[in-house]
Amino acid sequence: MAFNIFKMKFMKRLKCLVVFSCLFLTLISCKNHEAKPNVGNQELETTEQKIVSKFSNKGHEFVYNMVQNVGNYKALAQKKDVVYTYTYRTPDGTEDISTEKYIFKNELSYGAYQKHERTLPELEGLMEQGYDGETFWLKHNNQLVEDAKLLERVAFNRPTNFYWFTMMQKLLDPNLIYKHVGTTFIDKTPYEVVAVTFESDTNQPKDTYQLYINKKTNLVDQFLFTVVDYNKTEPFLMVLEYETVDGILIPTKRKYKASNWNADVTDEPWITVNWTDISFNNGLSKDVFKP
Numbered sequence: 329m330a331f332n333i334f335k336m337k338f339m340k341r342l343k344c345l346v347v348f349s350c351l352f353l354t355l356i357s358c359k360n361h362e363a364k365p366n367v368g369n370q371e372l373e374t375t376e377q378k379i380v381s382k383f384s385n386k387g388h389e390f391v392y393n394m395v396q397n398v399g400n401y402k403a404l405a406q407k408k409d410v411v412y413t414y415t416y417r418t419p420d421g422t423e424d425i426s427t428e429k430y431i432f433k434n435e436l437s438y439g440a441y442q443k444h445e446r447t448l449p450e451l452e453g454l455m456e457q458g459y460d461g462e463t464f465w466l467k468h469n470n471q472l473v474e475d476a477k478l479l480e481r482v483a484f485n486r487p488t489n490f491y492w493f494t495m496m497q498k499l500l501d502p503n504l505i506y507k508h509v510g511t512t513f514i515d516k517t518p519y520e521v522v523a524v525t526f527e528s529d530t531n532q533p534k535d536t537y538q539l540y541i542n543k544k545t546n547l548v549d550q551f552l553f554t555v556v557d558y559n560k561t562e563p564f565l566m567v568l569e570y571e572t573v574d575g576i577l578i579p580t581k582r583k584y585k586a587s588n589w590n591a592d593v594t595d596e597p598w599i600t601v602n603w604t605d606i607s608f609n610n611g612l613s614k615d616v617f618k619p
């Protein structure tokens, strides 16, 4: 009889222990699941920091909130690819017109230039540039071009065009440094001004972006930028207009010219860059990006 009572108490305790153990393992499992997201999702978010529990400073927080407003990189990457028409026009009428195609994963990039009076104008006729994830390449009238100097231009154009299209999302890339410069007013509109620079493993200077985030719309209405690769350390001022395409706010109308770090506007004419006929989820094959 005593043995049976002991046995019943033991089994009851054992049952409680098993239930507690299962609960503990479930909690651990949930915690691990939160800490280690699905690899597929991880790939989609390679250029955006995970949900920020602690911002490096107020500038970082302003940029983060702005990116959530326009559509973050995960939202963009879920659209797989994009095709659009790129038109670049200088004040003297010189013009580039290309059909741009990107796959967001691995940042594959292709451009077919129907007109290229500014970019490699010496190559008359159709010019194609591409990046397949490993190699930059150039074709002129369907023939591969091996000239190293011309390929250097491609190695600048392809990532630059991709970056401009995805810039707002990529402002949350790793290894960026944010500084809240302060609050200012332009034509009575309040702006949070944030400087963004890139960390560097070398002593080589990196580009600087100074963002003007509209406090009313939470959009970057304008920004200052440098082009260190071409020794342009004095800033240009870029002014933006947005439209919504498939749920993403995209600065489709852009104009820029030389300025200073106060973003003063001169009487100089603007260079314009327009993106039109934007289409996501086109089912692009990776073969498009191969030479």
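Following my numbering, the numbering of the sequence shown begins with 329 at its first residue and continues without gaps. Virtual Cβ for every residue (Gly too), placed ideally from N, Cα, C.
Asked	Found
Classification of Ser-349 by the beta-carbon crowding that lies within 10 angstroms, buried from 16 upward	Because the pLDDT at Ser-349 is just 38, under 50, the model does not fix this residue reliably, and the value given afterwards should be weighed accordingly. It counts as exposed.
C-alpha gap between Trp-603 and Met-495, whole angstroms	14 Å
Exposure label - Lys-429; buried when at least 16 CB within 10 Å	buried
For His-508, the residue or residues it bridges with in DSSP	Val-522
Sheet register partners of Lys-585 (DSSP bridge)	Leu-565
Euclidean distance between Cα positions of Val-601 and Glu-423	10 Å
Top-ranked residue by Cα proximity to Phe-608, from Ser-384, Val-395 and Val-411	Val-411
Option nearest Asn-479 by Cα separation, candidates Thr-580, Glu-462 and Gln-457	For clarity, residue 479 is Leu in the given sequence; the question names Asn instead. It is Gln-457 whose Cα lies nearest to the Cα of Leu-479.
Cβ pair Gln-538, Val-567 closer than 8 Å	no
Neighbour-count burial assignment, Asp-645, 16 or more Cβ in a 10 Å radius	The requested residue 645 does not occur in the structure, where the chain is confined to residues 329 to 619.
Neighbourhood of Gln-442 by C-beta, 6 Å cutoff - its chain only, sequence neighbours within 5 removed	Ile-425
Environment of Ser-384 [buried if 16+ CB atoms lie within 10 Å]	exposed
Phe-390, buried or exposed, once every other Cβ within 10 Å from all chains shown has been counted against 16	buried
C-alpha gap between Phe-513 and Pro-502, whole angstroms	30 Å
Asn-485 at chain C interface by Cβ criterion, 8 Å	This model lacks chain C altogether; it includes just one protein chain.
When Leu-404, Pro-563, Asn-559 and Ile-578 are compared against Ala-523, the one with the closest alpha-carbon	Pro-563
Arg-417, DSSP secondary structure in three states	strand
Leu-500 and Tyr-570 closer than 8 Å at C-beta	no
Gln-532 versus Phe-526 - alpha carbon distance	11 Å
Cβ-Cβ separation, Ala-586 to Leu-552 (assumed contact under 8 Å), whole Å	That pair is no contact at about 10 Å.
Burial state of Phe-352 (16 or more Cβ within 10 Å)	Unreliable positioning characterises Phe-352 in this predicted model, as indicated by a pLDDT of 34, which lies under 50. A coordinate reading is not provided.
Beta strand (DSSP E) segment containing Gln-457, residue limits	455 to 459
For Trp-603, the first and last residue of its enclosing beta strand (DSSP E)	599 to 608
Distance between Asp-420 and Asp-605 (C-alpha atoms, nearest Å)	25 Å
Other residues of its chain near Leu-454: CB distance less than 6 Å, five sequence neighbours each side excluded	Asn-469
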